[in-house]
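Inspection log for the structure reproduced underneath, given as structure tokens.
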Amino acid sequence: MIPSRVRPRVRAGARATAVACALLCAAQAAVTPTATAAPGPGPAGPVVTRAALDTALVAGRGADVAFDEQEAENARTTGSVIGPDRTPYTLPSEASGRKAVRLVPGQYVEFTLPRAANALTVRYSVPDAVAGGGITAPLDVSVDGRDRRTMTLTSQYSWLYNQYPFTNDPRAGLLHPDWWLAECSCVPAATTPVPDFPKPFRPTHFYDEQRLLLGKTHRAGEKVRLTVPAGSPAAWTVIDLLDTELVAPPHVERGGIDVRLLGADPTGRRDAAPAIERAIALARRLDRPVYLPPGTFRVDRHITVDDITIVGAGNWYTVLKGRQVTLAEPAPDGSRHTGVGLYGKPAAEGGSRNVHLRGFAVEGDVRERIDTDQVNAIGGAMSDSTIDGLHLHHTKVGLWFDGPMRNVKVTNNIITDQIADALNFHTGVTDSLVRNNFVRNTGDDGIALWSEKTADARNTIARNTVQSPTLANGIAVYGGADTTVTGNLVADPVREGSGLHAGARFGAEPFTGTLRFTDNTTVRAGTLDLNWRIGLGALWFYALDGSMDADVRVTGDHYLDSTHNAIMLVSEYGVKDRYGIPSVHFKDIRVDGTGNSVVSARTAGSATFENVDARNVGAVGVNNCGSFNFPASGSEFTLTDRGGNDGGWLAPWLLPNTITCDDRPPVVTPPAPAPWS
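In the working numbering, each residue carries its 1-based index in the sequence shown increased by 1.
Okay, structure coming up:
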């Protein structure tokens, strides 16, 4: 049986609660990183990866980014490697590639520059404060022993605990004692004696990242050393990876209305929102763009944008930075807080049009998930608009669009360390494109299309990279018409989600027309669903609110090192005899490594397979449970072999509908992915 999932689909949020503390919370012992491998001298040269993979394995897929990624476990270090581990609530499970390096004061990790660089990004974790709220700790950065800088790391935006929608308090009791819990297979409030759970309960969202301009260009081959100084208040510092890049000089928008001329303070000391609004009004009258020059501009609320172009000097140079503000009384939409954000007008008021945002960063102050809050970096409704080259950090959701709206292009953005989604097309977003965006460390779906009440339609999600969502899926499609998901790279989902997901759920409008997954790659995807206690697929189809009747075709995908199954098709046990997945067509697929099976079918329906090659399969090729009625005629899910399926996974004895149901098969750890000969 499959117990009902308990996580509702509602909006996300955050509220700032900072507690300065230099001591490691003793209750965090369960997640304190411990070494699983001895430190070594490291490689002779740089090891550049993408999603912790050899770049050759993902060529042509995912976002084309300006930086080079190097995993700390591949670098020279006096610290200790932690991982691999895919168990939720552990530091390795949320690390890129499921490994990282643990440093104590006095230890370092050293990377070799593969190309000239003048900027870097460090992904890291440091402990929480005893009572929650985070600490700060130094990290020294030097290049070839010179040009030393000190970064101030923080855990103020990390460390969530407990049940959805989480808390910052590691000492809190159950938020929902009336929910079914996997840990006890019970409803605690209805159980005698009441079970006791260790605290902190379900720690998660451990990592953060920080960027640094080095002030000069360093040559390929120079050594970047990250050192935890003696006396650091952090008992340990975990370094996950280093991204390095060569950032171009600041852009100057000729003819733009410079916000400084209207009184905006580039030092961040004074509120710049009124001056930016004056610049927008003037630019609209003169039919010119607004220019945000280098600097940090303080914005603590939403700025409404309509029929305007706003251009920054580049997202390394221009920052809109806000503090979260508690509202005197809740807003009509339920928000209890506001914060930095650029919002189109609500769809109910006609929405905004012709909005073009380019080349700046939005730095929020969201530390806690409050689902009613509108504290997103970009929001509202924006038709015929473009969002390009932004860096969105520490907001609730990077971009949350509430339609109906049409023709928005979201391209070339970096969206990291969000409390909830990176991007969500919510309610009637049509004819739009999400392309070449890089997403890392979201607290919910990386990229989602949610057809609540009004269907999204004719949208394309292309060539994006999504890494390490701590909850839910890399890319998720909830209903809608004529959706294409193509050329994406998704890695390391942690819990209750998959790399790629299509779900008839969360009250979404039905799937209609076509649904296409084409030429995507997933790696280390397909988590253990903690409520069901079953392993999901790297690609997961889920019929909960209705059958999935669209024309569904999956072509050219690669599923690498899948934790459980490469492909899962499932319906909820309570609706298993009402809803199904009638027909999915798979063609030209490669499966390299599964912990369980290539296909896990837990629903009524059918699928066809053509040129689906698989190797390193952990158990039987097809785990076919159908609708769990187990009729004498065979499973309610049928499979058709259209030829060219190599690797022996689709053996004749499995066809067309042999029952091979193992409800919770053991996991066989697959070998690391390798080039396909």
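The beta-carbon is built from N, C-alpha and C at its ideal position, and this holds for glycine as well.
{"query": "Taking Cβ to Cβ, would you say Thr431 is nearer than 8 Å to Arg407?", "result": "yes"}
{"query": "Compute the Euclidean distance between the alpha carbons of Val491 and Thr268, then round it to the nearest angstrom.", "result": "37 Å"}
{"query": "Name the DSSP bridge partner or partners of Ile309?", "result": "Val356"}
{"query": "Among Gly133, Val478, Gln164 and Val623, which has the Cα closest to the Cα of Trp181?", "result": "Gln164"}
{"query": "Can you check whether the CB of Gln108 is closer than 8 Å to the CB of Thr79?", "result": "yes"}
{"query": "Give a yes or no on whether the C-beta atoms belonging to Pro166 and Lys200 are separated by under 8 Å.", "result": "no"}
{"query": "Please name the residue, chosen from Tyr158, Leu531 and Asp614, that lies closest to Asp366 on a Cα-to-Cα basis.", "result": "Tyr158"}
{"query": "So what does DSSP say about Leu283, is it helix, strand or coil?", "result": "helix"}
{"query": "Near Leu531, which residues of its chain fall below 8 Å by C-beta distance, leaving aside the five closest residues on each side in sequence?", "result": "Pro89, Ala183, Arg496 and Glu497"}
{"query": "Could you round the C-beta distance between Thr245 and Leu114 to whole angstroms and report it? I think they count as a contact, below 8 Å.", "result": "6 Å"}
{"query": "With a CB to CB cut of under 6 Å and the five nearest residues on each side skipped, what residues in its chain are close to Thr522?", "result": "Val59, Arg62, Leu490 and His559"}
{"query": "Count the other CB atoms, across all protein chains shown, that sit within 10 Å of the CB of Thr484; report buried if there are 16 or more and exposed otherwise.", "result": "buried"}
{"query": "Whose C-beta lies closer than 7 Å to the C-beta of Ser233 among residues of the same chain, with five residues either side of it excluded?", "result": "Pro106, Ala138 and Pro139"}
{"query": "Are the segment 547-556 and the segment 502-517 in contact at 8 Å, needing three or more beta carbon pairs?", "result": "yes"}
{"query": "Tell me the rounded alpha-carbon separation between Ser601 and Thr515.", "result": "23 Å"}
{"query": "Comparing alpha-carbon positions, which option in Glu254, Asp241, Pro294 and Arg286 lies nearest Gly264?", "result": "Pro294"}
{"query": "Hey, would you say Val312 sits closer than 8 Å to Pro290, going by beta carbons?", "result": "yes"}
{"query": "Here's the rule I'm using: 16 or more other beta-carbon atoms within 10 Å means buried, otherwise exposed. How should Arg436 be labelled?", "result": "buried"}
{"query": "Using alpha carbons as the reference points, say which of Arg534, Arg643, Arg124 and Gly648 lies closest to Ser186.", "result": "Arg534"}
{"query": "Within the continuous beta strand (DSSP E) that includes Asp179, where are the two ends?", "result": "No beta strand (DSSP E) holds Asp179; DSSP gives it neither H nor E."}
{"query": "Could you pull the DSSP bridge partners for Phe610 from this structure?", "result": "Phe587 and Asp642"}
{"query": "Enumerate in chain order the residues of its own chain whose CB-to-CB distance from Leu104 is below 6 Å, with the five nearest sequence positions on each side excluded.", "result": "Gly80, Val229 and Thr238"}
{"query": "Any idea if Ala39 is buried or exposed, counting beta-carbon neighbours within 10 angstroms, 16 or more meaning buried?", "result": "Low confidence applies to Ala39: its pLDDT is 47, below 50, so where it sits in the model is not reliable, and the reading given next is rough at best. Label assigned to Ala39: exposed."}
{"query": "Suppose you measure from the CA of Arg464 to the CA of Asn438; what does that come to, to the nearest Å?", "result": "7 Å"}
{"query": "Evaluate Glu74 with the Cβ neighbour count: other Cβ atoms within 10 Å of its Cβ, from every protein chain shown; 16 or more gives buried, anything less gives exposed.", "result": "buried"}
{"query": "When you compare the CB positions of Asp445 and Asp422, do they come within less than 8 Å of one another, or not?", "result": "yes"}
{"query": "Under a three-way DSSP split, which group does Pro139 fall into?", "result": "strand"}
{"query": "Taking the alpha-carbon positions, what's the Ile462 to Ala64 distance?", "result": "11 Å"}
{"query": "Tell me the DSSP bridge mates of Asp86?", "result": "Asp86 pairs with nothing; no bridge assigned."}
{"query": "Report the residue ranges of all beta strand (DSSP E) runs contained in full by the segment 469-496; include only those spanning at least 3 residues, in chain order.", "result": "476-479, 481-487 and 490-492"}
{"query": "Judging by CA-CA distance, which residue of Ala173, Val144, Met152 and Arg124 is the nearest neighbour of Ala132?", "result": "Ala173"}
{"query": "Please return the same chain residues whose Cβ sits closer than 7 Å to the Cβ of Ile309, not counting the five positions on each side in sequence.", "result": "Ile281, Ala284, Arg285, Val291 and Val356"}
{"query": "Could you tell me the boundaries of the beta strand (DSSP E) in which Phe112 lies?", "result": "Tyr109 to Thr113"}
{"query": "Could you tell me whether the segment 209-228 touches the segment 118-130, using the rule of 3 or more Cβ pairs below 8 Å?", "result": "yes"}
{"query": "With burial defined as no fewer than 16 other Cβ atoms inside 10 Å of the residue's Cβ, what is the status of Pro653: buried or exposed?", "result": "exposed"}
{"query": "Skipping 5 residues on each side, what residues in its chain have a beta carbon closer than 7 Å to that of Pro85?", "result": "Pro93, Arg99 and Lys100"}
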